[in-house]
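Novice: To start, I am sharing the structure in question, which I have written as structure tokens.
There are 2 protein chains.
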Amino acid sequence: MELEQGAAILRRLKLKVTPRRLEIICCLATEYSFLSAEEVWSRVRLRLGSIGLPTVYRILDELAEAAVITRIFLSNRKQYYFLCSNQDHHHHFVCESCHRVEDLEQCGLDAVSREIAQRSGGRVTSHILQINGVCGACCQGHSGVAA
Amino acid sequence: MELEQGAAILRRLKLKVTPRRLEIICCLATEYSFLSAEEVWSRVRLRLGSIGLPTVYRILDELAEAAVITRIFLSNRKQYYFLCSNQDHHHHFVCESCHRVEDLEQCGLDAVSREIAQRSGGRVTSHILQINGVCGACCQGHSGVAA
DNA sequence: CTCTAAATGAAAGTTACTTTTATTTATAGA
DNA sequence: TCTATAAATAAAAGTAACTTTCATTTAGAG
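Laid out in structure tokens, this is it:
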């Protein structure tokens, strides 16, 4: 992702365009795997020289709240993040071995939202759909990374 | 849920049938809301007299790993748990206001598993599908509980 | 250029679990 | 029923993933 694309995202969110935010967006955009906050921290420190871990947490949280990046749920209680260039609404297949993320076809949950609204008068605000497994490469014996 | 049903679940999992495990299963079975570990702890303490919090965590984790109970994901980083008497594979609509959980129709993700296997040779091990929103009662102005 | 609100760093704090170890208990087998 | 033993539990201490606070810096509007 070009810097200008990151800047455009930040302007759309009415966030100031700062070097830290740009680096974090670029860092995630060049990864095919989901990353923990600490992993993002160590990567962007290489390029920025110094950045505080609370800043990383704050920026990741902003981006996740704005749905620019996706939270990945693992059974440990760490949060992981992934930025997908595909901006249509869709979901992910997450490899538990190498942490690579693949796109899935668009989800069919609009019907579910309508069902809930009609059945009980409720309102859907968000949903989580994440498929976990082991990707093709890892199934064929490539070693993954530690969770 | 009767005690004997809880005992049957534990025997199926090859876990010893202990008063703590039975109380935790019964506690969750009589709730229409998802509960945190601390909430489970305070409820079962009323009936057991005393139980350690690590025991609660261990038992909840065992039951969640065995898919007897469902983990609920919120944006805070606490884990929540829900026991659904419906033992068919299905998913939940979670009210962010009152923490009540409603069943959804059976999910259509078998096709997704097949797609992944065919496309890349990967293997699906589990998935998370959770719909968040505000239930009918809460939309109509009933006050919920604090998250 | 200046001003102001937003962003950041550093340090300390919080909390949701987790580990460890000694003790107790469910239960399989005698 | 009794006993042995492996599993379960309690209590206390520990860990780690964030989070808060507050002083300083900086982006961006005017």
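Chain order of the listed sequences is A and Z.
FYI, our numbering numbers position 15 of the first sequence as 15, with every residue one higher than the one before it.
Each position in the second sequence, counted from 1, maps to that position plus 1000 in our numbering.
All C-beta atoms, glycine included, are put in the ideal place defined by N, C-alpha and C.
1) For the beta strand (DSSP E) that A/Q130 lies in, which residues bound it at each end?
2) Over the uninterrupted beta strand (DSSP E) stretch that includes Z/V1101, give me the two end residues.
3) Output the distance between the C-alpha atoms of A/G121 and Z/C1135, rounded to the nearest integer angstrom.
4) Taking buried to mean at least 16 other C-beta atoms within 10 Å of its own C-beta, is A/L3 buried or exposed?
5) When DSSP builds the beta bridges, which residues end up paired with Z/H1092?
6) Since Z/R1071 is in the beta strand (DSSP E), which residue starts that stretch and which ends it?
7) From A/Y81 to A/C138, what distance separates their C-alpha atoms?
8) Can you pull the chain Z residues whose beta carbon is under 7 Å from the beta carbon of A/Q87, in chain order?
9) Assuming the contact rule is C-beta atoms closer than 8 Å, Z/T1149 and Z/H1092 should be a hit. Round their C-beta distance to whole Å, please.
10) Listing by chain order, which chain A residues have their CB less than 8 Å from the CB of Z/T1125?
11) Leaving out five residues on either side along the sequence, give the residues of the same chain with a beta carbon under 6 Å from the beta carbon of Z/W1041.
12) Could you compute how far the alpha carbon of Z/I1128 sits from the alpha carbon of A/R47?
13) Could you list which residues in chain A have their beta carbon closer than 9 Å to that of Z/S1036, in chain order?
14) Straight-line CA distance for A/N76 to Z/G1141?
15) At a CB-CB cut-off below 7 Å, which residues of chain A make contact with Z/V1101?
16) In whole angstroms, what separates the C-alpha of Z/I1051 from that of Z/I1059?
17) From what residue to what residue does the alpha helix (DSSP H) around Z/Y1057 run?
18) Excluding the 5 residues flanking Z/L1063 on each side, which residues of the same chain have their C-beta closer than 6 Å to its C-beta?
19) Compare the C-beta of A/Q120 against all C-beta atoms of chain Z and say whether one is closer than 8 Å.
20) To the nearest whole angstrom, what separates the beta carbons of Z/H1099 and Z/S1033, a pair I think is in contact under 8 Å?
21) Give me the residue from A/R20, A/C26 and A/E39 with the minimum Cα distance to A/G49.
22) I'd like to know if Z/R1077 contacts chain A, where contact means its C-beta is closer than 8 Å to some C-beta of that chain.
23) Beta-carbon separation of A/V94 and A/N132 under 8 Å?
24) Using the C-alpha atoms, what's the distance from A/E115 back to Z/V1044?
25) Drop a sphere of 10 angstroms on the beta-carbon of A/Q87, count the other beta-carbons inside from all chains shown, and report buried for 16 or more, exposed for fewer.
26) Taking the DSSP output, what are the residues bridged to Z/S1036?
27) Among the residues of its own chain, which have a CB less than 6 Å from the CB of A/C107, if the five just before and after it don't count?
28) Thinking just about the alpha-carbon of each residue, which of Z/K1014, Z/L1104, Z/E1023 and Z/L1028 is nearest to the one in A/A117?
29) Under three-state DSSP, which class holds Z/Q1005?
Specialist: In this structure, then:
1) Residue mapping note: residue 130 of chain A aligns to position 130 of the first sequence, counting from 1. Run containing A/Q130: R123 to V134, per the beta strand (DSSP E) assignment.
2) Taking the second sequence and counting its residues from 1, one reaches residue 1101 of chain Z at position 101. Here the beta strand (DSSP E) through Z/V1101 covers V1101 to D1103.
3) In the first sequence, residue 121 of chain A corresponds to position 121, counting from 1. In the second sequence, residue 1135 of chain Z corresponds to position 135, counting from 1. Approximately 7 Å, taken between the alpha carbons.
4) Counted from its first residue, the first sequence places residue 3 of chain A at position 3. By the neighbour-count rule (16 or more Cβ atoms within 10 Å), A/L3 is not buried but exposed.
5) Locating residue 1092 of chain Z in the second sequence gives position 92, counting from the first residue. Answer by DSSP bridge pairing, in chain order: Z/D1103 and Z/Q1130.
6) Within the second sequence, residue 1071 of chain Z is the residue found at index 71, counting from 1. Note, Z/R1071: beta strand (DSSP E), T1070 to F1073.
7) Counting from one through the first sequence, the residue named residue 81 of chain A turns up at place 81. Counting from one through the first sequence, the residue named residue 138 of chain A turns up at place 138. Going from the Cα of A/Y81 to the Cα of A/C138 covers about 21 Å.
8) Translated into positions along the first sequence, residue 87 of chain A becomes position 87. Neighbourhood of A/Q87 in chain Z, by CB distance below 7 Å: empty, with the nearest CB roughly 21 Å away.
9) Outside the modelled stretch of chain Z, which goes from 1001 to 1147, sits residue 1149 of chain Z, for which no answer is possible.
10) Taking the first residue of the second sequence as 1, we reach residue 1125 of chain Z at position 125. Within 8 Å Cβ-Cβ: E96, N132, G133 and V134.
11) For the purposes of this step, residue 1041 of chain Z is identified with residue 41 of the second sequence, where counting begins at 1. Cβ neighbours of Z/W1041 beyond the five flanking positions: L1053 and V1056.
12) Working through the second sequence from its first residue, we reach residue 1128 of chain Z at position 128. Working through the first sequence from its first residue, we reach residue 47 of chain A at position 47. So the alpha carbons of these two residues sit roughly 35 Å apart.
13) On the second sequence, residue 1036 of chain Z is found 36 positions in, with the first residue counted as 1. Correct list: empty, because the minimum Cβ distance to chain A is about 13 Å.
14) For the purposes of this step, residue 76 of chain A is taken as the residue at position 76 of the first sequence. For the purposes of this step, residue 1141 of chain Z is taken as the residue at position 141 of the second sequence. In a straight line, the C-alpha of A/N76 is about 36 Å away from that of Z/G1141.
15) Looking up residue 1101 of chain Z in the second sequence gives position 101. For Z/V1101, there are no C-beta contacts with chain A under 7 Å, since the nearest C-beta of that chain is about 12 Å from it.
16) What you label residue 1051 of chain Z is simply residue 51 of the second sequence in a count that begins at 1. What you label residue 1059 of chain Z is simply residue 59 of the second sequence in a count that begins at 1. Rounded to whole angstroms, Z/I1051 to Z/I1059 spans 12 Å at the Cα level.
17) Locating residue 1057 of chain Z in the second sequence gives position 57, counting from the first residue. Here the alpha helix (DSSP H) through Z/Y1057 covers L1053 to E1065.
18) Here residue 1063 of chain Z is taken as the residue at index 63 of the second sequence, counted from 1. Its chain contains I1069 as the residues whose beta carbon lies nearer than 6 Å to that of Z/L1063, once the 5 sequence neighbours on both sides are disregarded; these appear in chain order.
19) Residue 120 of chain A sits at position 120 when you count from the first residue of the first sequence. For clarity, residue 120 of chain A is Ser in the given sequence; the question names Gln instead. Yes - at least one Cβ of chain Z is within 8 Å of the one on A/S120.
20) As a working note, residue 1099 of chain Z is residue 99 in the second sequence. As a working note, residue 1033 of chain Z is residue 33 in the second sequence. Indeed, because the Cβ distance is near 4 Å, the residues count as touching under 8 Å.
21) Looking up residue 49 of chain A in the first sequence gives position 49. Taking only the C-alpha atoms, the option nearest A/G49 is A/R20.
22) Looking up residue 1077 of chain Z in the second sequence gives position 77. Answer yes: the Cβ-Cβ gap between Z/R1077 and chain A drops below 8 Å somewhere.
23) As a position in the first sequence, residue 94 of chain A is number 94, starting the count at 1. As a position in the first sequence, residue 132 of chain A is number 132, starting the count at 1. Against a cut-off of 8 Å, the Cβ pair of A/N132 and A/V94 comes out as a contact.
24) Within the second sequence, numbered from 1, the residue matching residue 1044 of chain Z stands at position 44. Within the first sequence, numbered from 1, the residue matching residue 115 of chain A stands at position 115. Each residue's Cα considered, the two are about 35 Å apart.
25) To locate residue 87 of chain A, count along the first sequence from 1; it is residue 87. With fewer than 16 Cβ atoms within 10 Å of its Cβ, A/Q87 is classed as exposed.
26) In the second sequence, residue 1036 of chain Z corresponds to position 36, counting from 1. Answer is Z/Y1080, bridged to Z/S1036.
27) One-based indexing of the first sequence puts residue 107 of chain A at position 107. The residues are H91 and L129.
28) Residue numbering aside, residue 117 of chain A sits at position 117 when the first sequence is read from its first letter. Among Z/K1014, Z/L1104, Z/E1023 and Z/L1028, the Cα nearest to that of A/A117 belongs to Z/L1104.
29) If you number the second sequence from 1, residue 1005 of chain Z lands on position 5. Correct three-state label for Z/Q1005: helix.
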